[in-house]
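Student: Residue numbers (my numbering): 1459 to 1492.
Even glycine gets a Cβ: it sits at the ideal position worked out from N, Cα and C.
Let me begin by handing over the structure; questions about it come next.
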Amino acid sequence: MLIVIAVQRSEYSDLYGLLVSTRKLVKVVLPIAS
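Now the structure itself:
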């Protein structure tokens, strides 16, 4: 049970990390591009 929760959490945190890094990248790239 705990292992399943840990796996789900790690997947969610990876997804969230990807989202955050993408947003940071967009914030950096947009001013340069414009």
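1. When DSSP labels each residue in this structure, what does S1479 get in the three-state scheme?
2. Would you tell me roughly how many angstroms separate the C-alpha atoms of K1485 and V1478, rounded to the nearest one?
3. Suppose you measure from the CA of L1473 to the CA of L1460; what does that come to, to the nearest Å?
Tutor: In terms of the structure at hand:
1. In this structure, S1479 counts as helix in the three-state DSSP scheme.
2. For the pair K1485 and V1478, the Cα-to-Cα distance works out to about 11 Å.
3. Going by C-alpha positions, L1473 is about 20 Å away from L1460.
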